[in-house]
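Presented below is the structure to which this report refers.
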């Protein structure tokens, strides 16, 4: 074999080795991602956070879905898993309407978080008391007082809306100041969804209901 032929052979062998190593790296990364995704979904389901979807690219996770509290808790669950390098959360948050009062509530299990801005200190206090009383849990977050925002005639109606939605798992209630109230979470059947949506709309008659409740049957939830 001539020196030129030997050199060509060495180049071909080297190229093949590079291709094999690259393919092995890709397959290995895909295998790791699939394993982490499976284990993460199992852990999230066990924590009653199956509403949050998780995908992996290598050892990096992306979470999507659920309300703000569910997303935060899910991030903690996945981040604590061995082998996970990074966790990113994708949120589809809509901006608040400038100059308008607003209120938002997110629940996951016994963890309830509120936020918002109203003009009256009495409205702020009443909202916080209503959440703690109706949902019977410790509340994190706060409702700020800002004299520059518009009034919140709906503030006195929120307790009745919470009573109507108290049984919704993963409850998410948002009044953005644009004349709408968004109701999210999951219920066991279509009939329950219809009743909850009707009662929340009735409790807040001056706001247009945006119903994004999901129906998740017990059988499907446990699968």
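Residue numbers (my numbering): 20 to 242.
Even for Gly, the Cβ is constructed at its ideal location relative to N, Cα and C.
Quiz item: Excluding the five sequence neighbours on either side, which residues of its own chain have a C-beta within less than 8 Å of the C-beta of residue 174, listed in chain order?
Solution: Excluding the 5 residues flanking it on each side, residue 174 has same chain C-beta neighbours closer than 8 Å at 120, 122, 137, 139, 142, 145, 146, in chain order.
Quiz prompt | For residue 129 and residue 93, the rounded distance between their alpha carbons | solution = Taking the straight line joining both Cα atoms gives about 15 Å.
Practice problem: Look at the Cβ atom of residue 189, then the Cβ atom of residue 204, and state whether they are nearer than 7 Å. | Solution: Yes, the Cβ-Cβ distance between residue 189 and residue 204 is below 7 Å.
Self-check item: Euclidean distance between Cα positions of residue 99 and residue 180
Solution: Approximately 36 Å between the Cα atoms of the pair.
Self-check item: Cβ-based neighbour list, residue 164, same chain, cut-off 6 Å, excluding 5 preceding and 5 following
Solution: Once the five neighbours on either side are set aside, the close Cβ partners of residue 164 are 140, 143.
Practice problem: Compare the C-beta of residue 174 with all C-beta atoms of chain B and state if any pair is closer than 7 Å. | Solution: Within the model displayed, chain B is absent; a lone protein chain is all it includes.
Quiz prompt | Length at least 4, wholly inside the segment 49-123: the alpha helix (DSSP H) runs in chain order | solution = Counting only runs of 4 or more, we get 87-98.
Quiz item: Quick one: Cα of residue 110 to Cα of residue 82, how far?
Solution: For residue 110 and residue 82, the gap between their C-alpha atoms comes out near 9 Å.
Exercise. With a 10 Å radius around its C-beta and 16 neighbouring C-beta atoms as the bar for buried, classify residue 70 as buried or exposed.
Key: Per the 10 Å Cβ criterion, buried.
Practice problem: Report the option in 79, 126, 89 whose CA atom is closest to the CA atom of residue 103. | Solution: When C-alpha distances from residue 103 are compared across 79, 126, 89, the shortest belongs to 79.
Quiz item: Under the DSSP definition of a beta bridge, which residues are partnered with residue 134?
Solution: Beta-bridge pairing links residue 134 to 123.
Practice problem: Can you say whether residue 219 is buried or exposed, counting buried as having 16 or more other CB atoms within 10 angstroms of its CB? | Solution: By the neighbour-count rule (16 or more Cβ atoms within 10 Å), residue 219 is buried.
Quiz item: Is residue 182 closer than 7 Å to residue 153 when the C-beta atoms are compared?
Solution: Against a cut-off of 7 Å, the Cβ pair of residue 182 and residue 153 comes out as a contact.
Quiz item: With distances taken from CA atoms, which of 91, 114, 116 is nearest residue 107?
Solution: Ranking the options by Cα distance to residue 107, first place goes to 91.
Quiz prompt | Where residue 59 falls, given that 16 or more other Cβ within 10 Å makes a residue buried | solution = Per the 10 Å Cβ criterion, buried.
Self-check item: Environment of residue 45 [buried if 16+ CB atoms lie within 10 Å]
Solution: Residue placement at residue 45 is poorly supported in this model, since its pLDDT is 39, which falls under 50; the coordinates still yield a value, given next. Classification for residue 45: exposed.
Self-check item: Unbroken beta strand (DSSP E) run spanning residue 201, endpoints
Solution: Element bounds for residue 201: 199-206.
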